[in-house]
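Below is one structure, written out as structure tokens; comments come after it.
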Amino acid sequence: MSNKILSIKDLKVNYGGIEAVKGISFDVEEGQIVTLIGANGAGKSSTLRSIAGLIKPAAGSIEFNGDAITGMDTTQIVKKGITLVPEGRKIFPDLTVEENLKIGAYMRKDNLADDMNRVYSLFPRLKERSWQAGGTLSGGEQQMLAVGRALMSKPKMIMMDEPSLGLAPIVVRDIFSIIREIKEEGITVLLIEQNANMALKTADIGYVMETGKITMTGKGIELLENEEIKEAYLGKHK
Numbered sequence: 007m008s009n010k011i012l013s014i015k016d017l018k019v020n021y022g023g024i025e026a027v028k029g030i031s032f033d034v035e036e037g038q039i040v041t042l043i044g045a046n047g048a049g050k051s052s053t054l055r056s057i058a059g060l061i062k063p064a065a066g067s068i069e070f071n072g073d074a075i076t077g078m079d080t081t082q083i084v085k086k087g088i089t090l091v092p093e094g095r096k097i098f099p100d101l102t103v104e105e106n107l108k109i110g111a112y113m114r115k116d117n118l119a120d121d122m123n124r125v126y127s128l129f130p131r132l133k134e135r136s137w138q139a140g141g142t143l144s145g146g147e148q149q150m151l152a153v154g155r156a157l158m159s160k161p162k163m164i165m166m167d168e169p170s171l172g173l174a175p176i177v178v179r180d181i182f183s184i185i186r187e188i189k190e191e192g193i194t195v196l197l198i199e200q201n202a203n204m205a206l207k208t209a210d211i212g213y214v215m216e217t218g219k220i221t222m223t224g225k226g227i228e229l230l231e232n233e234e235i236k237e238a239y240l241g242k243h244k
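Letter by letter, the sequence shown follows residues 7 to 244 in our numbering.
Structure, rendered in structure tokens:
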């Protein structure tokens, strides 16, 4: 039986006088991969940033595991079990791989060894480069490090903003394989992705956003076959 882990109701996000998100509502079920797709400027990143506590919503409510988290700061939200892999990775280039991973667990007081080993088993290349500076890694390896760092907080839900951006196709396949593995471990995934084809193939549920509104909802595989979606978002990925 499914269980709702995240509930968004009438969410509005403003930047100055611009309404980036215009009263959207959606739910995420525990253990699912859910994707938001849409053009640049559709409001996808603003939605994730408001859930993560990086920006305060202008209106609406956000509930996680039945608790209201609207307007909480980022530290409180990480404690609740939500973590964000931001667009552009945002790793610490001068710190080693291992130091970057430990930063992901900065609020934990327990032993990190098991989770460090778990991250290294998901990403063997990170283990090989554990004492290498993060800034010397390839783009794909930096993305793996950003995901691994997020996993070190032991999240119930991980949000990813454009994880495939700027990566070679073979690396993109690796990243999405890892996303599926994360789901298999029972972690819920909320994903923003320009590669709509890959996102919808991977996701249980997809939401299409246009100019701050959700215009279409469905199972990932069903949206993949939708003619409107094909024309608008899948042309270059067919």
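Built from N, CA and C at the ideal position, the CB exists for glycine as well.
Residue i burial status per 10 Å Cβ neighbour count (16 or more: buried)
{"i": "Lys-10", "result": "exposed"}
{"i": "Pro-99", "result": "exposed"}
{"i": "Lys-225", "result": "exposed"}
{"i": "Asp-79", "result": "exposed"}
{"i": "Asp-121", "result": "buried"}
{"i": "Asp-16", "result": "exposed"}
{"i": "Gly-141", "result": "exposed"}
{"i": "Thr-53", "result": "buried"}
{"i": "Asp-167", "result": "buried"}
Reduced DSSP secondary structure (H/G/I, E/B, other) of residue i
{"i": "Lys-5", "result": "Lying outside 7 to 244, the shown extent of the chain, residue 5 is not represented and no answer is given."}
{"i": "Met-165", "result": "strand"}
{"i": "Asp-73", "result": "strand"}
{"i": "Asp-120", "result": "helix"}
{"i": "Ser-170", "result": "coil"}
{"i": "Leu-197", "result": "strand"}
{"i": "Ser-136", "result": "coil"}
{"i": "Ala-65", "result": "strand"}
{"i": "Leu-128", "result": "helix"}
Interface flag, residue i vs chain B, CB-CB below 8 Å
{"i": "Lys-85", "result": "Looking at the structure shown, chain B is missing, and only one protein chain is on hand."}
Given residue i as reference, the closest of the options once Cα atoms are compared
{"i": "Ser-13", "options": "Leu-196, Glu-134, Arg-124", "result": "Leu-196"}
{"i": "Glu-191", "options": "Lys-160, Glu-25, Pro-63", "result": "Lys-160"}
{"i": "Thr-194", "options": "Arg-135, Glu-216, Ile-164, Leu-107", "result": "Ile-164"}
{"i": "Val-84", "options": "Met-158, Leu-143, Ile-43", "result": "Met-158"}
Terminal residues of the alpha helix (DSSP H) in which residue i lies
{"i": "Asn-106", "result": "103-110"}
{"i": "Ile-57", "result": "50-57"}
{"i": "Glu-228", "result": "226-230"}
{"i": "Asn-46", "result": "Neither: Asn-46 is in no alpha helix (DSSP H) and is coded neither H nor E."}
{"i": "Thr-81", "result": "80-86"}
Span of the beta strand (DSSP E) around residue i
{"i": "Ser-31", "result": "24-35"}
{"i": "Glu-216", "result": "211-216"}
Nearest-angstrom Cβ-Cβ length linking residue i and residue j, presumed shorter than 8 Å
{"i": "Asp-210", "j": "Ile-39", "result": "5 Å"}
{"i": "Lys-86", "j": "Phe-70", "result": "6 Å"}
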